[in-house]
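So the protein sequences, as listed, match chains L and B. One point on numbering: in the working numbering, the residue at position 158 of the first sequence is 159, and numbering is uninterrupted. One point on numbering: in the working numbering, the residue at position 71 of the second sequence is 79, and numbering is uninterrupted. Since the structure comes first, as structure tokens, the remarks are kept for the end.
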Amino acid sequence: MFASLVVAGLATSCIGDELPNTECDIEVVTISVDNPQALFYHDYDATRPLSSVETDIVYQLRAGAVVTELPVNLTITEASTPYVDDGTIADDMTQPLSAEHFKPFVNGSKVDFSDGRTRQFRIVSEDGAWSRTYSVRFEQRYATLGACTLDIDFENFALNDPSKTDRDAGFYYVWKALDPNAVSEDQWVCGNPGFKLSKSSAKPMDYPTVPAVGEGVDGGACLKLETMDTGAFGRMVNMRIAAGNFFIGTFDVANALKDALAATRFGLPFAHKPVKMTGYYKFKAGERFQDKKGNAVDRIDQPDAYCILYRNTDAEGKRVLLNGADVLTNPNIVGLGRIAGTIETDEWTPFEIPVVYTEEIDDELLANFGYSMTICFSSSIEGAYFEGAPGSTFYVDKVKLECEY
Amino acid sequence: MKRLAIFFIHCSLLISGATAQDSWTEWGPNGKEQAGVIVRAGYTIGGTTPMPLPNEVRRIVGFSPKGGATVGMDVYKMLSKRWGIAIGTHLFYEGFHTCADVKNYGMSLTQEGNTMSGYFTGRDVTDTDMWGVTLPVLATFRISPRWNVSLGPYFSAYFKKSFSGEVYDNKEGIGYLRVDTPTGEKVNMTSENPATYDFEDEMDNWNVGVEVTFDWKAMKHMNVFAMLDWGLTSVFPSNFEALQFRMYPIYGTLGVAYRY
């Protein structure tokens, strides 16, 4: 005991000086206005926590909101230095401007976001060796009116780095929603970024969520979801499988290991009332259904598909965001439709999911984006809990979401 | 290293002063003691550590050496009244458990061909064991009739070894990996779901270092000794990339020895 104290004491006395920080993140962007409702549909929209991978920030504005001089506050990595662009507008503002186009930024300064312009913020780490550039833009969002049908045909996909190919390990497919009624172009997300953590050697088509080109109902592309083993790293954190999933919301890769259920955040604000989701599927169950610990269980795997509409603000004005733990049970859910009676089939089989409402829709709230909508597909119904059969494969195509108004 | 040398010189001076009254005739090498065998047994503690401690290590939260042991035998031969040589064979078990808070600690884990690498900030818990044999070749020097110091290189071979651990959040709840670079994805880790590592298979099977031993003749045939084995090669090969730093085994033994 004494000896260990001596050794620990010696070791402690050897602790060197702390090195300067190398990180340079914007953790939160806050638009510090007195009345956020004048700009945004929700008070909480003014404060925007960013995930570690988010660098393109688009604020959705209430129709007619003026953003000429907005006081911006950034919460950044300790001891890093913030800069804002000097007003230079490059041809392609999705690309970071070079360092000479930035000037020091002081929290609370007013920034002009008018005319839809993209402003860039650059954060330089304390040690000066690292930097990240963020783009921030405001776009007006109008509720489209009347009945509509969202066509979801899974045809618009690309690798997350378009300069890569199917032969490059570490990259995966992402989808865009180009439908004018879609929640946002980037509404579709999946667990691929989490799978990448456990299987760095996986090539784009080795991921659980992939496009299947030429295999669609009409010969085009469809969505292919497959439950996969996550290998040694997955076992290490007791997440042995990854179901192929595809949903509207955000995937917070930072919490993929810490709290996987919380990492899947379902739903984005939506101003229509969905009543029915239809489409086509094929399903093949994997051979061995396993529980969270990897033990075989006598059970046949099933896929899952659902559509949910929920109130996105609670009584105190706080954000309500469904996650894997409460996506089907949260009391703010007003409408829910879930696939039932799926069978194993290698023929395209139509499905129809009516959205059943448990309370009346408040039309004014709907028009002001007070409801969020999610659609989710998964190759294993218990995939969120890391239970399912590796090899379970769920193909989905030609999905339509019919909205009454 | 320099400080250590000064420390030993101080020790030697103190020892030689305090034992001036012991006579060479009573304790020193006489005809019968020109050569012999010393059988040793002792308690071994220490650690496997980067030297010096890198700045990325911010705090040692806990350190507990495992009750290690060394048993062995040295054969010595005196070449003069004070100088001699010795060779030894020491079987040892040594290990430790440590818990440290680190900041921006570069690491890279590979399992089944998949790699997770980046910079970790949070708590790192390491557990290591080594079973093996150390073969020192020593120059021995009689500081005084009852005190002897020996110093020389050693070679160790490991029969069995382990080096494993976990990374998770510290007391402030901070525990995350920045994937690949400090601007990469941030992956949070908690003690409920720690990331574990096991580098047993990557460890070298051997180590080379310096051994220094102080023997004090407590009785006619019995010594009390303190021995330090200071590794000069890392326990991992030079192409090992999982840890950013070279890890040296540094273990001390306190024990008793029987002189034949």
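Even glycine gets a Cβ: it sits at the ideal position worked out from N, Cα and C.
Fill in: At least three beta-carbon pairs within less than 8 Å, the segment 383–401 of chain L to the segment 204–223 of chain L
yes
Discussion item. Residues of chain L with CB closer than 9 Å to the CB of residue 186 (chain B), please, in chain order.
Written reply: 23, 24, 53
Fill in: Segment limits, beta strand (DSSP E) that includes residue 306 (chain L)
Where residue 306 (chain L) is concerned, the enclosing beta strand (DSSP E) stretches over 305–312.
Item to complete: Indicate whether the contact test is met: 3 or more Cβ pairs, each with one atom in the segment 98–111 of chain B and one in the segment 45–54 of chain B, closer than 8 Å.
Response: yes
Worksheet item: With 16 other CB atoms within 10 Å as the buried threshold, where does residue 164 (chain B) fall?
Response: buried
Item to complete: Can you give me the Cβ contacts of residue 21 (chain L) inside the same chain, cut-off strictly under 6 Å, excluding the 5 residues immediately before and after it?
Response: 127, 128
Worksheet entry | Short-range partners of chain L found in the segment 50–73 of chain B, where Cβ spacing is below 8 Å | For the segment 50–73 of chain B, which is checked against every Cβ of chain L, the residues closer than 8 Å are 53, 54, 55, 57, 60, 61, 62, 63, 64, 65, 66, 67, 68, 70, 71, 72, 73.
Discussion item. Using the Cβ count rule (16 or more neighbours within 10 Å means buried), how would you classify residue 155 (chain L)?
Written reply: By the neighbour-count rule (16 or more Cβ atoms within 10 Å), residue 155 (chain L) is buried.
Worksheet entry | Residues near residue 262 (chain B) by beta carbon distance below 7 Å, same chain, minus five either side | 50, 51, 234
Worksheet item: In chain B, which residues lie with their C-beta within 7 Å of the C-beta of residue 18 (chain L)?
Response: 63
Worksheet item: Along the segment 250–263 of chain B, what residues have a CB closer than 9 Å to any CB found in chain L?
Response: 260, 262
Worksheet item: So the alpha helix (DSSP H) residue 364 (chain L) belongs to, where does it begin and stop?
Response: 364–368
Item to complete: Run down chain L in chain order and give the residues with a C-beta less than 7 Å from the C-beta of residue 124 (chain B).
Response: 198, 201, 234
Discussion item. With a threshold of 7 Å on Cβ separation, who are the neighbours of residue 79 (chain L) within its own chain once the five nearest residues in sequence on each side are excluded?
Written reply: Excluding positions up to five away in sequence, the list reads 22.
Worksheet item: Hey, does residue 12 (chain B) have any beta-carbon neighbour from chain L nearer than 8 Å?
Response: Its pLDDT being 47, under 50, residue 12 (chain B) is placed unreliably in this model, and the value from its coordinates should be taken loosely. No - not a single Cβ of chain L is within 8 Å of the one on residue 12 (chain B).
Worksheet item: Does the beta carbon of residue 76 (chain B) come closer than 8 Å to any beta carbon on chain L?
Response: Not closer than 8 Å to any Cβ of chain L, the Cβ of residue 76 (chain B) fails to qualify, so no.
Practice prompt. Please classify residue 374 (chain L): does DSSP put it in a helix, a strand, or coil?
Written response: strand
Worksheet item: Using Cβ-Cβ distances below 8 Å, what residues of the segment 219–246 of chain B are close to chain L?
Response: none
Worksheet item: Considering residue 33 (chain B), what are the terminal residues of the alpha helix (DSSP H) in which it resides?
Response: 32–35
Item to complete: Compile a chain-ordered list of the residues in the segment 96–126 of chain L whose CB is closer than 9 Å to at least one CB of chain B.
Response: Residues of the segment 96–126 of chain L with a Cβ closer than 9 Å to any Cβ of chain B, in chain order: 126.
Item to complete: Please report the residue range of the beta strand (DSSP E) in which residue 44 (chain B) lies.
Response: 43–57
Worksheet entry | CB of residue 254 (chain L) within 8 Å of CB of residue 195 (chain B), strictly | yes
Item to complete: Kindly say whether residue 300 (chain L), judged by its beta-carbon, lies nearer than 8 Å to any beta-carbon of chain B.
Response: no
Discussion item. For a test of the three-state rule: what should DSSP assign to residue 1 (chain B), helix, strand or coil?
Written reply: Nothing about residue 1 (chain B) can be read from this structure; chain B reaches only from 9 to 268.
Worksheet item: What residues in its chain sit with their C-beta under 6 Å from that of residue 59 (chain B), if we drop five residues either side in the sequence?
Response: 256
Item to complete: Kindly say whether residue 102 (chain B), judged by its beta-carbon, lies nearer than 8 Å to any beta-carbon of chain L.
Response: no
Worksheet entry | Within 9 Å of chain B by C-beta, residues of the segment 256–288 of chain L in sequence order | Those would be 256, 257, 258, 259, 260, 261, in chain order.
Fill in: Ranges of the beta strand (DSSP E) found wholly within the segment 153–216 of chain B, counting only runs of at least 3
155–176, 184–187, 194–196, 203–206
Discussion item. Which residues in chain L have a C-beta closer than 7 Å to the C-beta of residue 194 (chain B)? List them in chain order.
Written reply: 53, 255
Practice prompt. Would you decide whether residue 231 (chain L) is buried or exposed? Buried here means 16 or more other CB atoms lie within 10 Å of its CB.
Written response: buried
Worksheet item: residue 238 (chain L) versus chain B: which residues are under 9 Å apart at the beta carbon?
Response: For residue 238 (chain L), the residues of chain B that pass the 9 Å Cβ criterion are 197, 201, 202, 203, 204, in the order they occur in the chain.
Practice prompt. Would you mind reading off the limits of the beta strand (DSSP E) that contains residue 355 (chain L)?
Written response: 346–355
Discussion item. Looking at the strands, I want to know which residues DSSP matches up with residue 1 (chain L).
Written reply: The first residue shown for chain L is 2 and the last is 406, placing residue 1 (chain L) beyond what the model contains.
Discussion item. Counting only Cβ pairs nearer than 8 Å, list the residues of chain B close to residue 133 (chain L).
Written reply: 191
Fill in: Buried versus exposed, by CB contacts within 10 Å (16 or more), residue 268 (chain B)
Residue 268 (chain B) comes out exposed.
Worksheet item: If you measure from the beta carbon of residue 173 (chain B) to each beta carbon in chain L, is any gap under 8 Å?
Response: no
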